[in-house]
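Adding 4 to a residue's 1-based position in the sequence shown gives its number in my numbering.
Glycine included, each C-beta is placed from N, C-alpha and C at the ideal position.
Source: prediction; values computed, not measured.
Here's the structure, in structure tokens; my notes come after.
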Amino acid sequence: MQLPSCIRTAASLAARHRMALGVAGVLLLALLGLGALRTLLHSIRAADIRHAFHAIAAWRIAAALALTGVSYTLLTFYDVFALRAIGRPLPYRTAALASFTSYSLSNNLGLSVLTGGSARYYVYSAAGLTAGDVARVVVIAGLTFWSGIAALAGAALAFHPMDLPGVWSLPPWLQTCAGAAILVLLVASLAAAGQMRKHGWDLRGLPKPEPRTLLTQILLAAADLSAACGALFVLVPDLAPAMFPALLLAYVVAIVATLISHVPGGLGVFEAVVIALMPDMQRADLVAALLAYRAIYYLLPLLLAALVLLVSARRRWGAPVAGAVNAAQGLLRQIAPPLLAALCFCGGAILLISGSVPPAATRLHALRHILPLPFVEASHIAASLAGTGLLLLAPGLYRRLDGAFVAARALLVAGAVFALIKSLDVEQAVILLAIAAILQGARPAFYRRTALAAGFSAQWVAAIAVVAAVMLWAGFFSYRHVPYSNTLWWQFAWRGEASRFLRASFAVTVLLGVVLLARLLRPVGPVDRAEGMQDRDIRVLAGAVRTDAMLMLTGDKRLLRSESGDALLMYQVQGRSWIVMGDPIGPVEEWSALLWRIRELADAQQGRLLLYQLSASALPIAIDLGLQLIKYGEEARVSLPAFSLDGPGAKSLRAAARKAERQGITFEVVPAARLEPLLPILRKVSDAWLAMKGGHEKSFSIGRFDPGYIAHFDCAVVRCDGEIVAFANIWKTATREELSVDLMRHVETMPNGTMDYLFIELIRWGQAQGYRWFTLGLAPLSGIEARPLAPLWARAAGFLYRHGDAFYRFEGLRAYKQKFSPEWEPRYIAAGGGLGFARSLLDLQTLVGGGRASAAKPI
Numbered sequence: 005m006q007l008p009s010c011i012r013t014a015a016s017l018a019a020r021h022r023m024a025l026g027v028a029g030v031l032l033l034a035l036l037g038l039g040a041l042r043t044l045l046h047s048i049r050a051a052d053i054r055h056a057f058h059a060i061a062a063w064r065i066a067a068a069l070a071l072t073g074v075s076y077t078l079l080t081f082y083d084v085f086a087l088r089a090i091g092r093p094l095p096y097r098t099a100a101l102a103s104f105t106s107y108s109l110s111n112n113l114g115l116s117v118l119t120g121g122s123a124r125y126y127v128y129s130a131a132g133l134t135a136g137d138v139a140r141v142v143v144i145a146g147l148t149f150w151s152g153i154a155a156l157a158g159a160a161l162a163f164h165p166m167d168l169p170g171v172w173s174l175p176p177w178l179q180t181c182a183g184a185a186i187l188v189l190l191v192a193s194l195a196a197a198g199q200m201r202k203h204g205w206d207l208r209g210l211p212k213p214e215p216r217t218l219l220t221q222i223l224l225a226a227a228d229l230s231a232a233c234g235a236l237f238v239l240v241p242d243l244a245p246a247m248f249p250a251l252l253l254a255y256v257v258a259i260v261a262t263l264i265s266h267v268p269g270g271l272g273v274f275e276a277v278v279i280a281l282m283p284d285m286q287r288a289d290l291v292a293a294l295l296a297y298r299a300i301y302y303l304l305p306l307l308l309a310a311l312v313l314l315v316s317a318r319r320r321w322g323a324p325v326a327g328a329v330n331a332a333q334g335l336l337r338q339i340a341p342p343l344l345a346a347l348c349f350c351g352g353a354i355l356l357i358s359g360s361v362p363p364a365a366t367r368l369h370a371l372r373h374i375l376p377l378p379f380v381e382a383s384h385i386a387a388s389l390a391g392t393g394l395l396l397l398a399p400g401l402y403r404r405l406d407g408a409f410v411a412a413r414a415l416l417v418a419g420a421v422f423a424l425i426k427s428l429d430v431e432q433a434v435i436l437l438a439i440a441a442i443l444q445g446a447r448p449a450f451y452r453r454t455a456l457a458a459g460f461s462a463q464w465v466a467a468i469a470v471v472a473a474v475m476l477w478a479g480f481f482s483y484r485h486v487p488y489s490n491t492l493w494w495q496f497a498w499r500g501e502a503s504r505f506l507r508a509s510f511a512v513t514v515l516l517g518v519v520l521l522a523r524l525l526r527p528v529g530p531v532d533r534a535e536g537m538q539d540r541d542i543r544v545l546a547g548a549v550r551t552d553a554m555l556m557l558t559g560d561k562r563l564l565r566s567e568s569g570d571a572l573l574m575y576q577v578q579g580r581s582w583i584v585m586g587d588p589i590g591p592v593e594e595w596s597a598l599l600w601r602i603r604e605l606a607d608a609q610q611g612r613l614l615l616y617q618l619s620a621s622a623l624p625i626a627i628d629l630g631l632q633l634i635k636y637g638e639e640a641r642v643s644l645p646a647f648s649l650d651g652p653g654a655k656s657l658r659a660a661a662r663k664a665e666r667q668g669i670t671f672e673v674v675p676a677a678r679l680e681p682l683l684p685i686l687r688k689v690s691d692a693w694l695a696m697k698g699g700h701e702k703s704f705s706i707g708r709f710d711p712g713y714i715a716h717f718d719c720a721v722v723r724c725d726g727e728i729v730a731f732a733n734i735w736k737t738a739t740r741e742e743l744s745v746d747l748m749r750h751v752e753t754m755p756n757g758t759m760d761y762l763f764i765e766l767i768r769w770g771q772a773q774g775y776r777w778f779t780l781g782l783a784p785l786s787g788i789e790a791r792p793l794a795p796l797w798a799r800a801a802g803f804l805y806r807h808g809d810a811f812y813r814f815e816g817l818r819a820y821k822q823k824f825s826p827e828w829e830p831r832y833i834a835a836g837g838g839l840g841f842a843r844s845l846l847d848l849q850t851l852v853g854g855g856r857a858s859a860a861k862p863i
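So, in structure tokens, the structure goes:
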């Protein structure tokens with residue numbers, strides 16, 4: 005049964021304009037939240053809120069800080085329990101770093117996949133966890149959080165029904181029934197967990213839950229959320245303890261509304277829901293408490309997370325360990341960019357919003373005796389423009405651009421100066437200078453020498469739009485009692501805050517408009533540029549059946565994802581050639597749609613499509629795409645269950661293994677978690693190998709020696725007399741379908757037969773681990789039939805295969821791999837016909853060559 009054409013057309017348009025629709029949806033929800041907030045606060049003046057804010061007692065702030073510390077400490081145990089559940093326990097400090105940085109980011113930006121998920125991935129992958137392990141940790145931590153939400157909501161409704169206002173109104177008996185139903189469902193889930201464990205039911209890769217552990221996780225999440233709500237509770241003056249259940253229910257509903265809305269940080273939405281559900285509280289006191297709570301529970305942990313990261317890296321730099329410098333730089337490069345992007349984004353938001361509300365009259369009065377009015381007027385606009393610049397630079401910091409680092413540092417210092425000049429806002433200046441100091445301390449993290457402009461994803465655009473909307477809302481709310489007139493724009497006076505707000509808003513709007521127009525008018529570039537591994541990519545990679553999918557981790561490719569997110573392909577654009585690496589990753593039934601999509605994207609931008617190293621499984625799709633096929637070579641695959649050193653065919657391998665053992669050569673597989681101290685030694689071996697070959701690192705179809713990349717994998721190491729003479733990083737699929745190696749590096753003085761011994765021992769290791777296949781890689785031009793009636797390209801390839809030893813050991817490479825009795829599988833290149841085919845092959849050579857002209861640079 006087919007869907008009506010109108011529905012299919014609407015779905016197609018939605019897919020085509022997904023970014024714009026996503027931004028519009030988030031902005032609409034944010035505007036609805038701000039509109040509701042304006043309605044709820046219609047009788048409150050900005051001066052009342054400011055007075056209530058400054059009236060918050062010091063002991064209340066101290067109590068809120070303590071409860072915030074309790075909440076974030078309990079949050080770290082989400083990851084501790086998740087790691088134990090998947091059978092990969094790590095030291096507490098590692099779990100705490102991953103949890104704290106992840107939640108600090110996602111709480112402020114709301115981009116849990118883009119920021120929080122990537123922070124977890126970077127920490128845990130460096131500690132030796134696979135992509136699948138990280139995905140399971142994320143799922144289990146999420147389930148823990150939602151179980152706590154359900155437990156608290158159920159308990160509050162069942163035991164403390166209350167009079168809910170307006171659309172929230174429910175009779176007490178119905179609230180009790182709803183709460184009881186939620187609690188019954190939780191108890192039923194515990195019973196179901198016991199049955200799952202008893203009968204061994206499969207949970208698609210997740211560990212079988214134990215009821216006692218599940219109960220502990222529910223209580224842990226409930227305690228965490230109670231502490232977080234308690235931090236807000238103590239900030240509200242004259243609030244009786246009996247009101248805590250009501251506030252707790254409002255808090256839980258607000259958190260759920262924030263998560264559903266996807267509004268960055270829940271700006272406006274969280275506050276509107278809490279205020280709407282607590283009608284009996286003094287509005288000014290509650291708003292002041294919410295503002296203080298956002299600073300204490302959201303912004304302060306983000307600042308602390310960046311400081312912890314910097315201190316941790318500095319300690320590693322000072323540690324007497326050979327790999328300390330590499331480890332510290334790796335930590336900074338991986339975790340610092342998202343943290344500092346969020347900090348600078350928050351700094352920009354502070355500058356914008358503070359410019360929209362009236363400053364303290366006493367401070368403004370003091371300025372009159374220090375600075376002339378024009379300085380104050382100009383600084384007010386300049387501070388807002390600096391804040392806008394920080395919002396626009398945050399994506400560049402996230403992508404580690406050195407230009408974004410330099411500009412953001414300058415804007416932070418300038419913003420601090422402008423904050424002092426416009427309103428003597430010392431607190432704001434201190435915060436901005438602290439962010440600038442942390443940014444300076446993390447200078448090595450911004451190593452990419454690229455253009456200053458950065459691509460804005462839908463999440464970043466939505467975040468910037470929401471902050472701009474909050475700025476305008478705050479200004480119009482603060483000055484709603486000021487009658488509008490044209491003269492306001494030209495009014496320059498010490499008490500002309502409304503005029504300053506209008507002029508600053510106009511300047512900010514113009515700046516955002518210019519940036520948007522510049523991006524709209526620039527040449528269209530490739531879409532779906534990868535911005536770091538995301539949670540959905542990790543899940544796809546965990547299900548891969550071919551090891552070449554690990555090339556995703558090199559970071560030098562763009563990713564194109566299927567509509568469902570269950571499949572993706574890797575590609576890069578070199579010149580006008582759109583080059584796809586290997587088969588798509590994921591379910592075969594989604595390959596066709598992905599390849600047609602990349603075909604259409606390339607065509608729309610007048611590009612040429614080339615599919616590189618296709619397997620036979622993808623050939624029908626390539627033919628449907630109208631592409632010309634040529635055979636590129638054959639891949640040697642060793643069946644591990646059938647491999648043996650017995651028999652006459654394995655005589656040379658037996659001899660190599662015995663010789664290596666007599667020479668005292670040893671083999672070891674070093675887990676990724678223990679690889680860090682060896683990286684400097686492996687670097688020397690790699691550099692020696694490159695010098696011996698007289699070349700440089702390749703790219704795209706092979707990895708490079710980069711600590712951030714190597715740290716993802718276990719490593720096969722061969723030692724002679726205790727010294728490492730050869731190594732290879734191990735590619736392996738989570739499904740145990742295939743095992744392979746990527747970089748194979750050795751010193752020139754290694755004994756003969758060392759690489760044979762490495763492969764033999766690695767194959768034996770793979771057999772013991774239960775893998776099905778070991779891939780020895782491609783033999784280019786192998787298996788091409790150069791018959792008289794064959795196409796010209798085939799005859800040329802056959803000639804080059806037989807007589808091209810001066811350029812490449814084609815026949816020798818196949819003969820070497822044949823010693824392992826592999827099964828040979830063909831690989832193909834598919835591209836458009838004619839002269840474009842030849843041009844695409846030249847672009848492919850440039851791309852894989854890895855030189856300056858190659859587009860395969862880390863993304």
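CA-CA distance, Asp-847 and Met-574?
As a first step, residue 847 is located in the sequence shown; it is residue number 843 there, counting from the start. As a first step, residue 574 is located in the sequence shown; it is residue number 570 there, counting from the start. Taking the straight line from one Cα to the other gives about 16 Å.
Item to check | Same chain only: Cβ atoms within 7 Å of Lys-663, ignoring 5 sequence neighbours per side | outcome: Mapped onto the sequence shown, residue 663 falls at position 659. Answer for Lys-663: Gly-757, listed in chain order.
Q.
Less than 7 Å between C-beta atoms, sequence neighbours within five positions excluded: which residues of the same chain meet that for Asp-760?
A. As a first step, residue 760 is located in the sequence shown; it is residue number 756 there, counting from the start. So the list reads Leu-657 and Ala-660, once near-sequence residues are dropped.
| task | Counting only the same chain and skipping the five closest in sequence on each side, list residues whose C-beta sits under 7 Å from that of Leu-78. | result | By 1-based counting over the sequence shown, the position of residue 78 is 74. Answer for Leu-78: Leu-224, Ala-227, Asp-228 and Ala-231, listed in chain order.
- What are the complete beta strand (DSSP E) segments, minimum 3 residues, inside the stretch 600-642? 612-618
Notebook entry, point to check: Given that a residue counts as buried once 16 or more other Cβ atoms are within 10 Å of its Cβ, and exposed if not, what is Gly-837?
Noted result: Start at 1 with the first residue of the sequence shown, and residue 837 comes out as number 833. Gly-837 should be labelled exposed.
Skipping 5 residues on each side, what residues in its chain have a beta carbon closer than 8 Å to that of Gly-855? Here residue 855 corresponds to residue number 851 of the sequence shown, with the count starting at 1. Same-chain partners within the cutoff: His-700.
For this session: Measure the alpha-carbon distance for Leu-397 versus Ala-730 and round it to whole angstroms.
Result: For the purposes of this step, residue 397 is taken as residue 393 along the sequence shown, with counting starting at 1. For the purposes of this step, residue 730 is taken as residue 726 along the sequence shown, with counting starting at 1. Distance between the alpha carbons of Leu-397 and Ala-730 is about 43 Å.
| Helix or strand or just coil, what does DSSP make of Asn-733? | Residue 733 sits at position 729 when you count from the first residue of the sequence shown. Strand at Asn-733.
For Tyr-775, I'd like the list of residues in its chain whose CB is within less than 6 Å of its CB, leaving aside the five on either flank, ordered along the chain. As a position in the sequence shown, residue 775 is number 771, starting the count at 1. Same-chain partners within the cutoff: Leu-644, Arg-740 and Leu-743.
Exercise for review: May I ask you to report which of helix, strand or coil DSSP gives Thr-670?
Suggested key: Locating residue 670 in the sequence shown gives position 666, where the first residue counts as 1. Correct three-state label for Thr-670: strand.
Span of the alpha helix (DSSP H), counted from its first residue to its last, around Met-574: Here the question's residue 574 lines up with position 570 in the sequence shown. Looking at the DSSP string, Met-574 is not in any alpha helix (DSSP H); the run it does join, the beta strand (DSSP E), is 572-578.
Taking 7 Å as the cut-off, does the CB of Gly-836 come closer than this to any heavy atom belonging to the ligand COA? The ligand COA is not among the ligands present in this structure, which contains no ligands whatsoever.
- Query: Under 8 Å, do Ala-157 and Val-278 count as touching if we go by C-beta distance?
  - Reply: For the purposes of this step, residue 157 is taken as residue 153 along the sequence shown, with counting starting at 1. For the purposes of this step, residue 278 is taken as residue 274 along the sequence shown, with counting starting at 1. In this structure, Val-278 does not lie closer than 8 Å to Ala-157 by Cβ.
Exercise. Helix, strand or coil for Asp-289 per DSSP?
Worked result: For the purposes of this step, residue 289 is identified with residue 285 of the sequence shown, where counting begins at 1. Residue state, collapsed to three classes: helix.
Does the count of Cβ pairs from the stretch 407-419 and the stretch 299-312 closer than 8 Å reach three?
no
**Prompt:** Short check: CB of Ala-345 to CB of Leu-401, under 8 Å?
**Reply:** Walking along the sequence shown from the start, residue 345 turns up at place 341. Walking along the sequence shown from the start, residue 401 turns up at place 397. Cβ atoms of Ala-345 and Leu-401: closer than 8 Å.
*asked:* With three or more C-beta pairs closer than 8 Å as the rule, is the stretch 717-731 touching the stretch 619-630?
replied: no
- Item | Completely contained alpha helix (DSSP H) runs for the stretch 50-80, where each covers 4 or more residues | 50-58
Inset, instruction - Assess, as a yes-or-no matter, whether the stretch 543-551 is touched by the stretch 711-728 under the definition of 3 or more beta carbon pairs within less than 8 Å. - result: no
Problem set entry | Simplified DSSP state of Phe-824, which is helix, strand or coil | Numbered from its first residue, the sequence shown carries residue 824 at position 820. Of the three classes helix, strand and coil, the one that applies to Phe-824 here is coil, per DSSP.
Tell me, please, which residues DSSP counts as bridged to Cys-724. Here residue 724 refers to the residue found at position 720 of the sequence shown. Paired residues: Ile-669 and Glu-727.
- request: Return the residue from the list Leu-694, Asp-83 and Lys-655 that minimises the CA-CA distance to Phe-824.
  value: Residue numbering aside, residue 824 sits at position 820 when the sequence shown is read from its first letter. The shortest Cα separation from Phe-824 among Leu-694, Asp-83 and Lys-655 belongs to Lys-655.
Taking DSSP as the reference, what is the three-state secondary structure of Gly-779? Along the sequence shown, read from residue 1 onward, the residue named residue 779 stands at position 775. Per the sequence shown, the amino acid found at residue 779 is Thr instead of Gly. DSSP places Thr-779 in strand when its eight states are reduced to three.
Check your understanding: Excluding sequence positions up to five away, which residues of its chain have a Cβ less than 6 Å from the Cβ of Leu-817?
Key -> Against the sequence shown, residue 817 aligns to sequence position 813. Ala-783, listed in sequence order.
Would Ile-669 and Pro-755 qualify as a contact pair, given that the criterion is a beta-carbon distance under 8 Å? Locating residue 669 in the sequence shown gives position 665, counting from the first residue. Locating residue 755 in the sequence shown gives position 751, counting from the first residue. Yes, the pair counts as a contact, with Cβ atoms nearer than the cut-off.
From Phe-841, Cys-719 and Ala-819, pick the residue whose C-alpha is nearest to that of Val-673; which is it? For the purposes of this step, residue 673 is identified with residue 669 of the sequence shown, where counting begins at 1. When each option's Cα is compared against that of Val-673, the closest is Cys-719.
Quiz prompt | Arg-92 in three-state terms, based on DSSP | solution = Here the question's residue 92 lines up with position 88 in the sequence shown. If DSSP states are grouped into helix, strand and coil, Arg-92 belongs with coil.
Problem - Of the residues Arg-64, Val-143 and Tyr-302, the one placed nearest Phe-237, counting alpha carbons only - result: As a working note, residue 237 is residue 233 in the sequence shown. Among Arg-64, Val-143 and Tyr-302, the Cα nearest to that of Phe-237 belongs to Arg-64.
Closest by C-alpha distance to Val-721, when choosing among Phe-647, Gly-73 and Arg-678: The count along the sequence shown starts at 1 and reaches residue 721 at position 717. The candidate whose alpha carbon is nearest that of Val-721 is Arg-678.
Practice prompt. State the CB to CB distance for the pair Ala-640 and Gly-770, rounded to an integer number of angstroms; the pair is presumed to be in contact (CB under 8 Å).
Written response: Position 636 of the sequence shown, counting from 1, holds the residue named residue 640. Position 766 of the sequence shown, counting from 1, holds the residue named residue 770. With a Cβ gap of about 14 Å, Ala-640 and Gly-770 do not count as contacting.
8 Å Cβ cutoff met for Ser-383 and Ile-439: Within the sequence shown, the letter at position 379 stands for residue 383. Within the sequence shown, the letter at position 435 stands for residue 439. Cβ distance not < 8 Å, so Ser-383 and Ile-439 don't count as in contact.
Worksheet entry | Cβ neighbour criterion (16 or more within 10 Å) applied to Asp-547 | The sequence position of residue 547 within the sequence shown is 543, counting from 1. Note that residue 547 is Gly in the sequence shown, not Asp. Buried, because 16 or more other Cβ atoms sit within 10 Å of the Cβ of Gly-547.
Nearest neighbour of Val-410, chosen from Ala-423, Val-430, Leu-443 and Thr-392 [CA to CA]: Position 406 of the sequence shown holds residue 410. Among Ala-423, Val-430, Leu-443 and Thr-392, the Cα nearest to that of Val-410 is on Leu-443.
- [ ] Sort Pro-681, Lys-697, Ala-692 and Ala-738 by Cα distance to Pro-711 and report the nearest one.
- [x] Mapped onto the sequence shown, residue 711 falls at position 707. Among Pro-681, Lys-697, Ala-692 and Ala-738, the Cα nearest to that of Pro-711 is on Pro-681.
With a threshold of 16 other CB atoms inside 10 Å of the CB of Leu-94, please say whether the residue is buried or exposed. Looking up residue 94 in the sequence shown gives position 90. Per the 10 Å Cβ criterion, buried.
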